[in-house]
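Number of protein chains: 2
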Amino acid sequence: MKVAVLGFGTVGAGIYEMLSHAEGLEQGPVLVRPGKDDAPFKRTSIEAVLAEPGVEAVAEAMGGIEPAFSYAMAAIKAGKHFVTSNKALVAAKGIELAAAARDMGVGFLFSAACGGGVPFLHNLSLAVESDMIVSLGGILNGTTNYMLDAMQRRKLSYGEALKDAQKLGYAEADPSADVSGLDALRKIVLGSAVAYGVLPTEGLYNEGIENITAEDVSRIQARGLTCRLMAKCGPVPGGKVYAYVEPVLLKASAAECSVLDNYNMARYEGKCSGPMVFMGQGAGRWPTASAVLRDLSCILKDKFFMLRADCRRGSADNEACRHSYYVRLPGSLTGCFEVKSYSETDGQTELVTKPMSVKAMHEMAARLRAEGAKMFFAAFED
Amino acid sequence: MKVAVLGFGTVGAGIYEMLSHAEGLEQGPVLVRPGKDDAPFKRTSIEAVLAEPGVEAVAEAMGGIEPAFSYAMAAIKAGKHFVTSNKALVAAKGIELAAAARDMGVGFLFSAACGGGVPFLHNLSLAVESDMIVSLGGILNGTTNYMLDAMQRRKLSYGEALKDAQKLGYAEADPSADVSGLDALRKIVLGSAVAYGVLPTEGLYNEGIENITAEDVSRIQARGLTCRLMAKCGPVPGGKVYAYVEPVLLKASAAECSVLDNYNMARYEGKCSGPMVFMGQGAGRWPTASAVLRDLSCILKDKFFMLRADCRRGSADNEACRHSYYVRLPGSLTGCFEVKSYSETDGQTELVTKPMSVKAMHEMAARLRAEGAKMFFAAFED
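Below, the structure is given as structure tokens:
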């Protein structure tokens, strides 16, 4: 399937590149603004893109509502499948795009618009077919998570955290859509549309992180809590939904506390499936482009196999994987290992090995146990 | 699509029930052993099941290799799509089943066989189409995670933890496949087949948790570490894979440490997507049945929409969501909230509100800020 790409910025260029080695997909023309000539296979009008022979799908990564919406409608009306990473477009015009795609019998997917690389909407939209979604939400903005994490773990001030995020390319020169919670709100609105068939446009709240100070952070930490910016959504009796974004204070055991740097964590709770949590990179060229490619793969296939045609039986090779191991065993057996450190109590030795292969460790344990030794071992995570 | 169900135990009965309200799916006949008569729509031979008019897909939840394999081949050769939650079957006969399904032009999916409700294999198999999988693995056995967690957080002995797991139905009367790591190994073998097209049958290692004692646990905790049973797999130069299961010691910041009770956490790292983490219930009637239904939904559709045809714009209703809030604001404004507790320093008050609605909190903040107040608030996670 030949895929045209609209836009050749960070994400568009990533999509184009990934198309070159994706199963069943092929690089098509790239739409760039007149005057820009950095793209291979470039075209400067949507008409020229759609007229290109063999184009069956269009991937949009321009951002903004116009001209993205007009181009999307033109593509769909020309009978092309349409996938996008543009959350502003889908939040504003998703219903119109879905209706047009249904009319034309083409696909319309936008996994990359919520959570970047995290396959949240994809899985949510599958779950909806057979399960009831009790609630959904999570940490949907990587920029603010990076900033909150930096303020909490590295004790940066708000200004320092923002400057850091900008230096790393996580925050725009104008960061207001991120820090105000608007970006996360747009994403949870898409989640609501997928889960409940309602795209809320009013009654929404977004409290961001602009008002948090280093002093707030230390008071929160003194209570043993961690602050994350979370989006939440769920059904309300009468066919409505609740949907809002606000800072939330979490206990240390909450899974959200393990979401560091600019990662995202999205979750839904299905009545049957129970809680389902998805964590990964919420933005960036390659994660976002992979989500777009995943949508294209979904459109491509109408039968679905998990095993490729050439899948074969084989032998595992566990020799190259090496770790330091923690080993508890009878003291007399210490000599069987190259040891980094050890201590002994009541004839039991607890030792840390030098790095050794998985094969060597498991085979040594089998040998010692065959000789009657009682032992426990565990790898140190690198 | 009418779906026949093979087996009417915990998972089979869950699948049958979920079929009654899944979009586009329909309850078909249920195969039970002769003499069992607890199933509605029951048949006692595979021939009778496949002869039932209108059956297009078969969902197997009997467990074991035979007769499941013969029945699966009969179904596929009769032109039915085949989905299963049976990891022993797929680990032993997955290649033969995939080849037969390909020949017949029907689908063969087994999401539920690895991670129960966690959509790991489904997402992995999609990622494989366009990305390179650098590694995969995780906590793939809920029984042993429950036991390790109970030993570490509740200080149970190994025997007490096992008894507890059995009482809750997490561990079988004969728990050896779980505690030896064999169950997790079978699952990572399926992951290898999906990710690399190699189903390793030799050279594998599984060190389980049978040898861990309460004393090991306290020594590990004294080092500030947490023990989890993890499966790991990845490519080795020359077209082989490494694949093994062993206990791993993790630092407190590792996401795996937040996996409590009988939850599973599976992850893969894509070269483009980066690390992707999936967490949810790895076993149980409804989580496993939802995974089977998700596979059936995948087979059902050859076009894919994320928005249903009746998706509409609407207003969010944020009045019924209530939390206690942490609020930092000028001391003079304390009276604006119903307060559970507060403290004051330098004219700044830090207070905890009684439970109040999201709407009330966000609107109060907007009002106070309109009057010039500087404030920060965050919800307490319930």
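Residue numbers (the numbering used here), protein chains in the order written: chain D, 929 to 1310; chain X, 929 to 1310. All C-beta atoms, glycine included, are put in the ideal place defined by N, C-alpha and C. Being a predicted model, the structure only gives us computed values, none of them experimental.
Identify whether residue i lies in helix, strand or coil by the three-state DSSP scheme.
| i | result |
| --- | --- |
| D/Lys1302 | coil |
| X/Leu1068 | coil |
| X/Asn1073 | helix |
| D/Ile1148 | helix |
| D/Asn1246 | coil |
| D/Ser1201 | coil |
| D/Asn1139 | coil |
| X/Arg1297 | helix |
| D/Met929 | coil |
| X/Ile1334 | Past the edges of chain X, shown from 929 to 1310, lies residue 1334 of chain X, and the structure says nothing about it. |
| X/Phe1036 | strand |
| D/Phe1308 | strand |
| X/Gly1275 | coil |
| D/Thr1216 | helix |
| D/Arg971 | strand |
| X/Ser1060 | The identity of residue 1060 of chain X in the sequence shown is Met, whereas the question assumes Ser. In the structure shown, X/Met1060 sits in coil (DSSP, three-state: anything other than H, G, I, E or B). |
| D/Tyr1196 | strand |
| X/Lys1229 | coil |
| D/Phe1265 | coil |
Is there a C-beta anywhere in chain D that falls below 9 Å from the one on residue i?
| i | result |
| --- | --- |
| X/Lys1008 | no |
| X/Val1107 | no |
| X/Cys1155 | yes |
| X/Thr1141 | yes |
| X/Lys1231 | The pLDDT assigned to X/Lys1231 is 41, lower than 50, so where the model puts this residue is not dependable; a value taken from the coordinates is nonetheless given after this. It does: the Cβ of X/Lys1231 has a partner Cβ on chain D nearer than 9 Å. |
| X/Cys1264 | no |
| X/Glu988 | no |
| X/Glu1272 | no |
| X/Leu1178 | yes |
| X/Val1169 | yes |
| X/Ala1159 | no |
Can residue i be considered in contact with the ligand HEM, in the sense that its beta carbon sits closer than 8 Å to one or more heavy atoms?
| i | result |
| --- | --- |
| D/Val1205 | Here there are no bound small molecules, and the ligand HEM is not part of this structure. |
Closer than 8 Å by C-beta to residue i: which residues in its own chain qualify, once you throw out the five before and the five after it? Chain order, please.
| i | result |
| --- | --- |
| D/Gly1198 | Ala1055, Asp1059, Met1060, Ile1061, Val1062, Met1204 |
| X/Ser1269 | Leu1279, Val1280 |
| D/Val960 | Gly935, Phe936, Asp966, Ala967, Lys970, Arg971, Thr972 |
| D/Ala1142 | Met1079, Lys1083, Leu1084, Ser1085, Tyr1086 |
| X/Ile993 | Ala1016, Leu1017, Ala1020, Lys1021 |
| D/Ala1266 | Ala is not the amino acid found at residue 1266 of chain D; the sequence shown has Glu there. So the list reads Thr1281, Lys1282, Met1284, once near-sequence residues are dropped. |
Of all the CB atoms in chain X, is at least one closer than 9 Å to the CB of residue i?
| i | result |
| --- | --- |
| D/Val1267 | no |
| D/Arg1295 | no |
| D/Ile1148 | yes |
| D/Ile1023 | yes |
| D/Gly956 | no |
| D/Lys1199 | yes |
| D/Asn1069 | no |
| D/Tyr1098 | no |
Once the 5 residues before and after residue i are set aside, which same chain residues still bring their CB inside 7 Å of it?
| i | result |
| --- | --- |
| X/Val1122 | Leu1049, Leu1052, Ser1053, Val1056 |
| X/Pro1215 | Gly1044, Gly1045, Gly1208, Gln1209 |
| D/Ala1293 | Met1303, Phe1305 |
| D/Gln1149 | Gln1080 |
Assuming residue i contacts residue j under a Cβ cut-off of 8 Å, what Cβ separation, rounded to an integer in Å, is found between them?
| i | j | result |
| --- | --- | --- |
| D/Gly956 | D/Glu980 | 6 Å |
| D/Leu1127 | D/Val1117 | 6 Å |
| D/Tyr1172 | D/Val1164 | Wrong, their Cβ atoms sit about 12 Å apart, outside the cutoff. |
| X/Leu1221 | X/Ala950 | 5 Å |
Beta strand (DSSP E) containing residue i: first to last residue?
| i | result |
| --- | --- |
| D/Glu988 | 983-988 |
| D/Ala1028 | Here D/Ala1028 belongs to no beta strand (DSSP E); instead the alpha helix (DSSP H) covers 1015-1032. |
| X/Phe1010 | 1009-1012 |
| X/Lys1091 | No beta strand (DSSP E) contains X/Lys1091, which is instead part of the alpha helix (DSSP H) from 1086-1095. |
| D/Cys1161 | 1153-1164 |
| D/Lys1168 | 1168-1179 |
| D/Val1187 | Note, D/Val1187: premise wrong, no beta strand (DSSP E); not H, not E. |
| X/Glu1130 | 1126-1130 |
| D/Leu959 | 954-959 |
| X/Val1046 | Where X/Val1046 is concerned, there is no enclosing beta strand (DSSP E), given that its DSSP letter is neither H nor E. |
Provide the residue span of the alpha helix (DSSP H) that contains residue i, from first to last.
| i | result |
| --- | --- |
| D/Tyr944 | 938-947 |
How would you list, in chain order, the residues of chain A whose beta-carbon sits under 8 Å from the beta-carbon of residue i?
| i | result |
| --- | --- |
| D/Met1204 | Within the model displayed, chain A is absent; protein chains D and X are what it includes. |
Ignore the nearest five residues each way along the sequence and tell me which others in residue i's own chain have a CB closer than 6 Å to its CB.
| i | result |
| --- | --- |
| D/Ala932 | Gly956, Pro957, Val977, Val983, Val986 |
| D/Ile1227 | His1009, Gly1035 |
| D/Thr1012 | Glu988, Phe1038 |
| D/Leu1084 | Ala1078 |
| D/Tyr1253 | Thr1281, Met1289, Phe1305, Ala1307 |
| X/Glu954 | Lys930 |
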